[in-house]
Amino acid sequence: MVGAEGIVFAPYGDKWRQIRKICTVELLSARRVQSFRPVREEEAGRLLLAVAAAAASSTPVNLSQRLSAYAADSAVRAIIGSRFKDRDKFLVMLERGIRLFARMSLPDLYPSSRLAMLVSRMPGRMKRHQEEGAAFMDAVVQEHQENRAADDDKEDLLDVLLRIQREGHLQFPMSTDNIKSAVGDMFAGGSDTSATTLIWTMAELLKNPRVMRKAQDEVRRALAGQPNVTEDSLGGLNYMRLVIKEVLRLHPPAPLLLPRECMNDCRVLGFDVPKGTMVLVNAWAISRDPAHWDAAEEFIPERFERGEVDFKGADMEYTPFGAGRRMCPGMSFGLANVELALAGLLYHFDWELPGGAQAKELDMTEKMGVTVRLRRDLLLVPVVRVPLPLD
1 MVGAEGIVFA PYGDKWRQIR KICTVELLSA RRVQSFRPVR EEEAGRLLLA
51 VAAAAASSTP VNLSQRLSAY AADSAVRAII GSRFKDRDKF LVMLERGIRL
101 FARMSLPDLY PSSRLAMLVS RMPGRMKRHQ EEGAAFMDAV VQEHQENRAA
151 DDDKEDLLDV LLRIQREGHL QFPMSTDNIK SAVGDMFAGG SDTSATTLIW
201 TMAELLKNPR VMRKAQDEVR RALAGQPNVT EDSLGGLNYM RLVIKEVLRL
251 HPPAPLLLPR ECMNDCRVLG FDVPKGTMVL VNAWAISRDP AHWDAAEEFI
301 PERFERGEVD FKGADMEYTP FGAGRRMCPG MSFGLANVEL ALAGLLYHFD
351 WELPGGAQAK ELDMTEKMGV TVRLRRDLLL VPVVRVPLPL D
């Protein structure tokens, strides 16, 4: 989003290892993720209140928009301590960046061709997007520094980065541009992937009423008598977690993961792959491969009941978060947002398609890109089953 080296695209080496250590130890450790629990619970509460307002008038709710706003607000508050005043502008800019990143560019295909650079509009569009992103991040960092209370001891993620920069103990000093780029990476990774997973989960549950009933029954038994959902009440929701696993198998948020670079000359399936080659891993195709999965195209959460396959990078047939050194460092952060929101949506509401449509009529067509979402926004009618508390 900004153009400087951040978390995602820093080249492998000592500097990247430093960035990775900051991520795992300072930014996205289990302790840090847990510290943002109040933020998640408050934002999930705001999401459920918005859905309840639609339910009161029996009108459809655009769940795609609501879940995108929830994921963005949760991520942004964890990163900078408050919601964006220009959240909608940020989401539009994020969507534009994702579209640009996914498009084919002639200069990438013919890097030595001056003609390709002259006739392609992509370099200019990317430059304008980076300039807009840099200006946006400048404003975010400046506003954060101006508004930060001197006696506030609760660190958000931007505070952590600024503190590390001030302390100056790094082998490679962290510039303000590095911080802005890292913040941009966290904004994008922390909001879009969580929203995409939640949208696909609700779509698959509507498409598969048996699974919906089973997931709702589990949540309502586990939380029976509770006025609302908190993270303390999620411990026994094993089937709901199987549902999330199956969604991540069929709909990995980034179907080609992030690009990798071949570190040495190697040979793969009889093909010579030179050092420096960009490599894309088609996680979407691998996780639907009948050689590894029974009934690969069907939505069957029970396939994970035995716990033999997990998404933590050890099982190469199932890598929605990647694997190895470049595995997504924000996995725990994203899953925490997904689980809390999903439990609330299943506990408090039943769900119907607008106009009395049947489950088989739900359009599950994918909109391809860096992330893969439903082609059309998910419009659903919520019906209150467990009323939200009035206070």
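In the numbering used here, the protein residues as written are 1 to 391. Ideal Cβ positions, reconstructed from N, Cα and C, are used throughout, including at glycine. Small disclaimer: the values here were computed from a predicted structure and weren't measured.
Assuming M263 and Y70 are in contact, meaning their beta carbons sit under 8 Å apart, how far apart are those beta carbons, in whole angstroms?
Actually they are not in contact, since the Cβ atoms of M263 and Y70 sit about 39 Å apart, beyond 8 Å.
L234 to L162, Cα distance in whole Å?
In a straight line, the C-alpha of L234 is about 34 Å away from that of L162.
To which residues does DSSP link K367 through a beta bridge?
R373
Taking the beta strand (DSSP E) that D217 falls in, what are its first and last residues?
Note, D217: premise wrong, no beta strand (DSSP E); alpha helix (DSSP H) at 209-222.
Quick one: Cα of I140 to Cα of N178, how far?
Per the sequence shown, the amino acid found at residue 140 is Val instead of Ile. Using only the alpha carbons, I get a separation of about 14 Å.
Tell me where the beta strand (DSSP E) around E352 begins and ends.
349-352
Under 8 Å, do L157 and I79 count as touching if we go by C-beta distance?
Cβ atoms of L157 and I79: closer than 8 Å.
Can you pull the DSSP bridge partners for F271?
V268
Just checking, does the segment 202-220 make contact with the segment 17-24 on the three C-beta pairs under 8 Å criterion?
no
State whether the segment 190-209 contacts the segment 369-376, with contact taken as three or more CB pairs (one from each stretch) at a distance under 8 Å.
With contact defined as three or more Cβ pairs closer than 8 Å, the segment 190-209 and the segment 369-376 are in contact.
Since V76 contacts R83 with CB under 8 Å, what's their CB separation in whole angstroms?
The pair is a contact, with the Cβ atoms about 6 Å apart (cut-off 8 Å).
Is DSSP giving P227 helix, strand or coil here?
coil
Could you pull out every unbroken alpha helix (DSSP H) segment of at least 4 residues lying fully inside the segment 235-323, listed in chain order?
238-250, 283-286
Shortest alpha-carbon distance to D265 belongs to which of M278, V338, L257, L340?
M278
Taking the runs of the beta strand (DSSP E) that are 3 residues or longer, which of them lie wholly in the segment 158-215?
Counting only runs of 3 or more, we get nothing.
Tell me the rounded alpha-carbon separation between T24 and E246.
T24 and E246 have their alpha carbons spaced roughly 26 Å apart.
Return the chain-ordered list of same chain residues with a C-beta closer than 7 Å to the C-beta of F349, the five sequence neighbours on each side being excluded.
V51, A55, P382, V383, V384, R385
With burial defined as no fewer than 16 other Cβ atoms inside 10 Å of the residue's Cβ, what is the status of F90: buried or exposed?
buried
Could you compute how far the alpha carbon of F9 sits from the alpha carbon of K15?
12 Å
If you count every other CB in all the chains shown that lies within 10 Å of the CB of R66, and 16 or more means buried, which is it?
buried
What did DSSP end up calling P387 once you bin it into helix, strand or coil?
coil
Which first and last residues belong to the alpha helix (DSSP H) in which I19 is found?
14-21
Give the straight-line distance between the Cα atoms of R31 and R37, rounded to the nearest whole angstrom.
10 Å
Of the residues L346, L170, M331, which one's Cα is nearest the Cα of V229?
Nearest in C-alpha terms to V229, of all of L346, L170, M331, is L346.
Under 8 Å Cβ to Cβ from P289, same chain only, skipping five residues before and after it: list those, please.
Note on residue identity: the sequence assigns Asp, not Pro, to residue 289. Only A296, E317 meet the Cβ criterion.
In terms of residue numbering, what span does the alpha helix (DSSP H) encompassing E155 cover?
Bounds of any alpha helix (DSSP H) do not take in E155, whose DSSP letter is neither H nor E.
Report, in whole angstroms, the separation of the C-beta atoms of L48 and G344, which I expect to be a contact under 8 Å.
5 Å
Using beta-carbon positions only, say whether G324 and G313 come within less than 8 Å of one another.
yes
Looking only at C-alpha atoms, which of P253, R260, G168, E131 sits nearest to T193?
Its Cα nearest to that of T193, the residue P253 stands out among P253, R260, G168, E131.
I think P354 touches P173, with their Cβ atoms under 8 Å apart; what is that distance to the nearest whole Å?
No, P354 and P173 are not in contact; Cβ-Cβ is about 55 Å, not under 8 Å.
On the three-state DSSP scale, how would you describe V61?
strand
Which residue comes first and which comes last in the alpha helix (DSSP H) that contains S35?
30-35
What would DSSP say about L380, mapped onto helix, strand or coil?
L380: strand per DSSP, three-state reduction.
So is T319 buried or exposed if we call it buried at 16+ other beta carbons inside 10 Å?
By the 10 Å Cβ count, T319 comes out buried.
Using the beta-carbon count (16 or more within 10 Å), is N147 buried or exposed?
exposed
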